[in-house]
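**Q** This is the structure, below, for whatever I ask next.
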Amino acid sequence: MARLHEHEGKRLLQEAGIAIPRGRVASQPEEAAAIAQEIVAPVMVKIQAWITGRASVGGIKRAATPAEAEAAARSLLGMQAQGFTVTQVLVEEQLDVAQEFYAGVIVDDREQAPLVMFSSVGGTGIEEIAAQHPQQVAHRHVDIAFGLQDYQARDLVRRTGIHGKLQRQLGALLVKLYQTARRYEARSAEINPLVLTGDGKLYAADCRITVDDYAVFRHPELGIAIAREYNRPPTRLEKLAYQVEADDYRGTFYFIQMAQDFQKGAGYIGFHGAGGGGSMMSMDAILRQGYKVATFVDTSGNPPASKVYRAAKIVLAVGPIDGYFGSGSGVASQEQFYSARGLFKAFLEEQVDVPIVIRLGGNAEDKAVEILESLNGRIPAPVEGYKKDDSPDFCAQRLDTLIKEAAQQPPRPRTQPQHPAPQRPYSFATVTGGTVTLDHAVCATCESKICIQACARHILTLNEAGLPVLNIPLDEAARGKCVECLACEVDCLLYGAGGGHVDLPLPDVD
Amino acid sequence: MSILIDRTKRVLVQGITGREGQSRTRLMRGYGTQVVAGVTPGRGGQTVEGVPVFDTVTEAWEHVGPIDISVLFIPAPLVKSAALEAIDAGVKLLVIVPDRVPIYDVLTIARRAKETGARFIGPNTLGVLSPGQGVLGMIGGRAAAAKSWFFPGPVGISSRSGGITTSMAYYLARAGIGATTLVHVGGDAVVGLPHPDVMLEFERDPETKAVVMFGEIGTSQEERVADLIASGAFTKPLIAYIGGKAAQSGTRFSHAGAIVEGGRGTYAGKVARLREVGATVVEEFMELPQATKRVLASL
Chain A
440 MARLHEHEGK RLLQEAGIAI PRGRVASQPE EAAAIAQEIV APVMVKIQAW ITGRASVGGI
500 KRAATPAEAE AAARSLLGMQ AQGFTVTQVL VEEQLDVAQE FYAGVIVDDR EQAPLVMFSS
560 VGGTGIEEIA AQHPQQVAHR HVDIAFGLQD YQARDLVRRT GIHGKLQRQL GALLVKLYQT
620 ARRYEARSAE INPLVLTGDG KLYAADCRIT VDDYAVFRHP ELGIAIAREY NRPPTRLEKL
680 AYQVEADDYR GTFYFIQMAQ DFQKGAGYIG FHGAGGGGSM MSMDAILRQG YKVATFVDTS
740 GNPPASKVYR AAKIVLAVGP IDGYFGSGSG VASQEQFYSA RGLFKAFLEE QVDVPIVIRL
800 GGNAEDKAVE ILESLNGRIP APVEGYKKDD SPDFCAQRLD TLIKEAAQQP PRPRTQPQHP
860 APQRPYSFAT VTGGTVTLDH AVCATCESKI CIQACARHIL TLNEAGLPVL NIPLDEAARG
920 KCVECLACEV DCLLYGAGGG HVDLPLPDVD
Chain B
23 MSILIDRTKR VLVQGITGRE GQSRTRLMRG YGTQVVAGVT PGRGGQTVEG VPVFDTVTEA
83 WEHVGPIDIS VLFIPAPLVK SAALEAIDAG VKLLVIVPDR VPIYDVLTIA RRAKETGARF
143 IGPNTLGVLS PGQGVLGMIG GRAAAAKSWF FPGPVGISSR SGGITTSMAY YLARAGIGAT
203 TLVHVGGDAV VGLPHPDVML EFERDPETKA VVMFGEIGTS QEERVADLIA SGAFTKPLIA
263 YIGGKAAQSG TRFSHAGAIV EGGRGTYAGK VARLREVGAT VVEEFMELPQ ATKRVLASL
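Residue numbers (the working numbering), protein chains in the order written: chain A, 440 to 949; chain B, 23 to 321.
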């Protein structure tokens, strides 16, 4: 889920008419001093980080003067908070706190409706307070067709024992909070603490908003670069992976980098799953063998071969892994040779020299395993493919055995695959910015013409000269009729003359 | 017998002219599902796999007669509108295959469904399959594969993972155990027909003697199944595996989630609660067939 920083969430609350403390973010200590100068009052200096319990890690400081604010910002900027570097602090006025409350909206899976919550006690440890003092917490579901009505919100507040003007103020605030959550499609939106000041005003002193990943596309105004749940900024490879996913709606590619800067021999495996449940189960199997995973990847939902190829290229860029493990549910409904081709192309290009075990069970598994195991002899690494009757644990054990055997043997030589410049290139573009090139000089020597029958969409045909060409207009191929099945490269290499090549660039990030 | 889908059900495919719509219509028809019509706005008058295509669901209904179920192969941003269209036309069961459907769209669909007495499976579901009867969605991928992998028998299957739905049924079949119906409830946080609702369906089906369930960390679906067992609403033997034991616990629920769920959603909590009410929970996925055999033998 895409989390917003405190200052971003507060901006949305302010738009909705909820008061927030005066202040701004600073990324330099001098800026913090200037903001404190403008406010002309004691300030809070708070790290902007997606972690809970910022106060307990020393991420929140009080400052009485601009000089103190500058010093506080200097100590906080650059600090490490759960493995990520703080680059911004929020400098805002200290509130004259008379009372603290809690207000929140979440999506409740059980009732399939938004749930609004109010607690007459707020602040840190709200879960414990709620457990110990249930009478101080009230919640109700919202009919999404009508929204939260003012009387409903006031009654919610009333149930916690609050009356009079304050009840009306809090009721109105809850309605605004619900409207903010609804407008920005928040999985959760919370104000904790919600502060009542000495002069009787309500302020959102802190704010946590998490936007539904699947709705981020409808909210470009939020400027969310990556709609994924991380408790740290994404790595370069995560940005790259996200861009691959964003550029291609076919199938799903989910990528988390689990390790950085690790050494060869440290037991890190490039893990590449397929399907949520099957991936988790397969990751458990590799962890049980005593390894760690450098990546958690899921390519599923019938992705094209090109997407699996790009995923594998990104996994291989993660660092010096000791092995590559691919395994999903084991009985996939999709035809598995597309994934096999994507993996084949990536492993061949990268000349992988660490053992590879891939469990490719499901539709057309025989063909998939045959393609994959054709890598043996073409790359330095041993490659084993398995089918639906092989368990994840068995496959993980095979990888362990291969890794141990490899450690006993001298490294095998790499043979960079030759890509001689095509003599008679016939090219067309693909939907994700790729290029298919068939070298008709090679095609002329090919007897099988395997590309014609292996092409997933049958968009190739033999021309009068007996050479493969598109049987649809070039622009139709580029709009997606060519589904990037990679048959005209992989099957051509294995069963034809090897005249086909598909160039699939990775997107540019940074 | 079976639940949700059988030979008698008349099925509509929304998004029938798309890449997935076309190929899964072939699967469904090949497996025996009665696909009576398809809908793609602006494509009325065409046919796909011999199935007539209409512009709207109401038009399809007027031409082919009552429709029991609609299966949606629609891009995620358009799912809400398509689902509301089917519900308003009178369809009482929807199968929403696509993933990445925005959650407030799902809440809106759920709201309208409750109001009209309709139900939906998914979103993000592989579908439903009753061996020898019919399939909704994409379980099995190809009719020939689905026919060779699954056969009728005494076990109901419910799963939160699509791939696991298929593999669980396959590994049970290999151990000689057939199924009444396979249900993939969907992989998202909010789904229309979660595990507890599927259990109640299996409870009513006389042919289902036991249920095998694949649960996962997060949400309270498995705990609510335990509640149904405790209250006597679900009385058949349950064999379960919960995925995500080794998953990173770094992802924290919001405060609000913690307040409402009060500790629900964890691996340990789900396993303990299910065992407390007498369910069989296996530690390893591959133990499911043997555990199920033992439970069936004791009946």
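Every residue, glycine too, gets a C-beta built ideally from N, C-alpha and C.
1. Mind checking residue 270 of chain B: buried by the 16 CB within 10 Å criterion, or exposed?
2. Does any residue of chain B bring its CB to less than 7 Å from the CB of residue 452 of chain A?
3. The segment 796-828 of chain A: which residues have C-beta closer than 9 Å to a C-beta of chain B, in chain order?
4. Apart from the five residues just before and just after residue 451 of chain A, which ones in its own chain have a Cβ nearer than 7 Å to its Cβ?
5. Hey, out of A/520, A/819, A/777, whose CA is closest to residue 852 of chain A's CA?
6. Would you mind stating whether residue 176 of chain B and residue 114 of chain B have Cβ atoms separated by less than 7 Å?
7. Any C-beta of chain A within less than 8 Å: which residues of the segment 162-179 of chain B qualify?
8. Where residue 936 of chain A and residue 841 of chain A are concerned, what is the direct C-alpha to C-alpha distance, given to the nearest angstrom?
9. Closest by CA to residue 146 of chain B, which one among B/261, B/82, B/220, B/212?
10. Tell me the rounded alpha-carbon separation between residue 550 of chain A and residue 816 of chain A.
11. Mapping the DSSP letters down to three states, classify residue 80 of chain B as helix, strand or coil.
12. Compile a chain-ordered list of the residues in the segment 119-141 of chain B whose CB is closer than 7 Å to at least one CB of chain A.
13. Let me know if residue 321 of chain B comes out buried or exposed under the rule of 16 or more other beta-carbons within 10 Å of its beta-carbon.
14. Going by alpha carbons, who is nearest to residue 758 of chain A out of A/804, A/729, A/723, A/703?
15. Going straight from the alpha carbon of residue 899 of chain A to that of residue 945 of chain A, what length do you get?
16. Could you run through the segment 615-637 of chain A and flag, in chain order, every residue whose CB is less than 8 Å away from some CB of chain B?
17. Apply the 10 Å Cβ neighbour rule to residue 484 of chain A and answer buried if 16 or more other Cβ atoms are within range, or exposed otherwise.
18. If you measure between the beta carbons of residue 5 of chain B and residue 34 of chain B, is that distance less than 7 Å?
19. Look at residue 155 of chain B and residue 28 of chain B and say whether their C-beta atoms are less than 7 Å apart.
20. Select from the segment 676-707 of chain A all residues with a C-beta closer than 9 Å to any C-beta belonging to chain B, and list them in chain order.
21. On the CB-based measure, 16 or more other CB atoms within 10 Å of its CB, does residue 454 of chain A come out buried or exposed?
22. With 16 as the cutoff for other CB atoms within 10 Å, does residue 913 of chain A come out buried or exposed?
23. In chain A, which residues lie less than 7 Å from residue 184 of chain B when you measure between Cβ atoms?
24. Looking at the structure shown, is residue 142 of chain B part of a helix, part of a strand, or coil, going by DSSP?
25. Let me make sure I understand the geometry here. Which of B/233, B/131, B/229, B/182 has the alpha-carbon closest to that of residue 149 of chain B?
26. Where does the unbroken alpha helix (DSSP H) through residue 568 of chain A begin, and where does it stop?
27. Can you grab the Cα-Cα spacing for the pair residue 941 of chain A / residue 781 of chain A, in whole Å?
28. For the beta strand (DSSP E) holding residue 500 of chain A, just list the boundary residues, first then last.
29. Flag residue 79 of chain B as yes if its beta-carbon sits less than 7 Å from any beta-carbon of chain A, otherwise no.
30. Should residue 245 of chain B be labelled buried (16 or more other beta-carbon atoms within 10 Å of its own) or exposed?
31. In three-state terms, what does DSSP make of residue 311 of chain B?
32. Give the residues of chain A in contact with residue 192 of chain B, contact being defined as C-beta atoms less than 7 Å apart.
**A** In short:
1. Bear in mind that a pLDDT of 49 at residue 270 of chain B, under 50, signals an unreliable position, so the number given afterwards is only what the model happens to contain. With fewer than 16 other Cβ atoms inside 10 Å of its own Cβ, residue 270 of chain B counts as exposed.
2. Not a single CB atom of chain B sits nearer than 7 Å to the CB of residue 452 of chain A.
3. With the criterion set as a beta carbon lying under 9 Å from some beta carbon of chain B, the members of the segment 796-828 of chain A are 800, 801, 802, 803, 827, 828, in sequence order.
4. So the list reads 619, 623, 648, once near-sequence residues are dropped.
5. The shortest Cα separation from residue 852 of chain A among A/520, A/819, A/777 belongs to A/819.
6. No.
7. Residues passing the 8 Å Cβ filter: 162, 163, 164, 167, 171.
8. Roughly 32 Å between the two C-alpha positions.
9. Answer by Cα proximity: B/212.
10. Residue 550 of chain A and residue 816 of chain A have their C-alpha atoms some 57 Å from each other.
11. Here residue 80 of chain B sits in helix by DSSP.
12. Contacts with chain A (Cβ-Cβ distance below 7 Å) from the segment 119-141 of chain B involve 121, 122, 123, 124, 125, 126, 129, 130, 132, 133, listed in chain order.
13. Exposed, because fewer than 16 other Cβ atoms sit within 10 Å of the Cβ of residue 321 of chain B.
14. Out of A/804, A/729, A/723, A/703, A/703 has the C-alpha closest to the C-alpha of residue 758 of chain A.
15. Approximately 25 Å, taken between the alpha carbons.
16. Of all residues in the segment 615-637 of chain A, 621, 624, 626, 627, 629, 631 have a Cβ within less than 8 Å of some Cβ in chain B.
17. Buried, because 16 or more other Cβ atoms sit within 10 Å of the Cβ of residue 484 of chain A.
18. In the structure as shown, chain B starts at 23 and stops at 321, and residue 5 of chain B therefore has no counterpart that could be examined.
19. For residue 155 of chain B and residue 28 of chain B, yes; Cβs fall inside 7 Å.
20. Within the segment 676-707 of chain A, the residues whose Cβ lies closer than 9 Å to some Cβ of chain B are 688, 689, 691, 695, 697, listed in chain order.
21. Residue 454 of chain A comes out exposed.
22. With fewer than 16 other Cβ atoms inside 10 Å of its own Cβ, residue 913 of chain A counts as exposed.
23. The contact set of residue 184 of chain B on chain A, defined by CB atoms closer than 7 Å, consists of 714 in chain order.
24. Looking at residue 142 of chain B - three-state DSSP - the assignment turns out to be strand.
25. Closest by C-alpha distance to residue 149 of chain B, out of B/233, B/131, B/229, B/182, is B/182.
26. 565-571 is the span of the alpha helix (DSSP H), which, as asked, contains residue 568 of chain A.
27. One C-alpha to the other measures close to 11 Å.
28. Residue 500 of chain A -> beta strand (DSSP E) spans 499-502.
29. Under the Cβ distance rule, residue 79 of chain B does not count among the residues neighbouring chain A, no pair being separated by less than 7 Å.
30. Buried is the call here.
31. The answer is helix: DSSP assigns residue 311 of chain B an H, G or I state.
32. Against chain A, the beta carbon of residue 192 of chain B has neighbours under 7 Å at 770, 827, listed in chain order.
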